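If you're matching positions, the sequence shown starts at 1 in the UniProt record's numbering and goes up one per residue. C-beta: ideal position from N, C-alpha, C; glycine also. These numbers were taken from a predicted model, which means no experiment stands behind them. Report on the structure given below.
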Amino acid sequence: MKHLLIPLLLLCGYAQAFDHGSWNTLLNEHVKHLRDGVATAVDYNGMAEDRAGLQSYLNALSAVTTAEFQQWSRDEQLAFLINAYNAFTVELILLEGQPDSIRDIGSFFSGPWDKEFFSLLGKPRTLDEVEHEMIRGNPALMDPRIHFAVNCASIGCPALRPEAYTADKLDGQLEESTRKFLSDKQRNRFNADDNVLEVSKIFDWYEDDFEKAAGSVANYLLPYAKELGVPQVKQTSMKSDDLTIRHLDYNWKLNKQ
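Structure below.
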């Protein structure tokens, strides 16, 4: 009977979860918190020293078939794609010799996010495909909080979390990553002098995602008013979408230690 258990579970749609343990170890060892945990920096030299471990994890990601992926739960799929995006981004930085900025990679006509340098679910892929087609383009997986989880190897990006995303903790991890990013006064804050909410360019580039989720960017940010430092008296303006929002410059320098 025991020998029949695994086949029966697979037939019922319960596939074995993907093991992100090696990626978790790499992140734990080579990503460090900054400024009370609202940001992180990556030790790319350390990642390079552990390149064999990184490439072993990347190979395991690439070995997953579409059939296997489709048997996983929604949270398992999303955790897999977020981790894949982040891990392959680290690999790209190492492949390119740790440039001063990820935007130094590629040319005027083809940037780092268009570079087809890995395979996933049986096809050659780019980072843009993973983020915009496989995650944002899939209504079953899309969650605006992914914008605070996928990391573009830049100081302006939300922090690369020093642990792997996993299905059993995904909602809490996404929420914590969101709150930490919005708590970072270098990238999001209420400017009392100008009576303006100053936020990351992420809220400009992906405005549609936040509007679809909450009606407007201001309404999406309202539950995070405390993290943003918005006074209680000004939160009414957020509710009525009557608070001016200004987008801060984005820092594209490499998020290295």
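Beta carbon of residue i nearer than 7 Å to that of residue j
| i | j | result |
| --- | --- | --- |
| Pro144 | Phe210 | yes |
| Ile93 | Tyr44 | yes |
| Glu91 | Ala17 | no |
| Leu182 | Leu228 | yes |
| Val64 | Leu160 | no |
| residue 272 | Ala87 | This structure leaves residue 272 out entirely; the chain is present only between 1 and 257. |
| Leu248 | Glu198 | yes |
| Ser62 | Ser119 | yes |
Rounded separation between residue i and residue j - CA only
| i | j | result |
| --- | --- | --- |
| Ser101 | Leu254 | 5 Å |
| Ala39 | Val130 | 23 Å |
| Arg246 | Lys185 | 14 Å |
| Ala225 | Tyr250 | 21 Å |
| Leu9 | Gly37 | Note that Leu9 scores 42 on pLDDT, short of 50, meaning its location in the model is unreliable; the coordinates nonetheless yield the value given after this. The straight-line gap from Cα to Cα measures roughly 40 Å. |
| His20 | Tyr57 | 8 Å |
| Ala140 | Met134 | 10 Å |
| Thr126 | Thr236 | 42 Å |
| Ala52 | Trp113 | 24 Å |
| Tyr165 | Phe148 | 12 Å |
| Ile205 | Ser110 | Looking at the sequence shown, residue 205 is not Ile but Trp. Approximately 19 Å, taken between the alpha carbons. |
| Ala167 | Asp193 | 42 Å |
| Ala213 | Leu221 | 11 Å |
Cross-strand partners of residue i (DSSP beta bridge)
| i | result |
| --- | --- |
| Phe190 | Leu197 |
| Ile202 | Its beta-bridge partners do not exist; DSSP assigns none. |
| Arg246 | Glu198 |
| Leu34 | Ala39 |
| Lys253 | Ser101 |
Whole-angstrom C-beta distance between residue j and residue i, which should lie under 8 Å
| i | j | result |
| --- | --- | --- |
| Val217 | Phe190 | At roughly 14 Å, the Cβ-Cβ gap does not stay under 8 Å, so Val217 and Phe190 are not in contact. |
| Leu121 | Thr66 | 5 Å |
| Trp252 | Ser154 | 5 Å |
| Leu26 | Leu54 | 6 Å |
For this session: Return the chain-ordered ranges of every alpha helix (DSSP H) run that is complete within the segment 38-104 and spans a minimum of 4 residues.
Result: 44-49, 51-63, 66-71 and 74-95
For this session: Mind listing, in chain order, the continuous alpha helix (DSSP H) runs of no fewer than 4 residues lying wholly within the segment 116-194?
Result: 170-183
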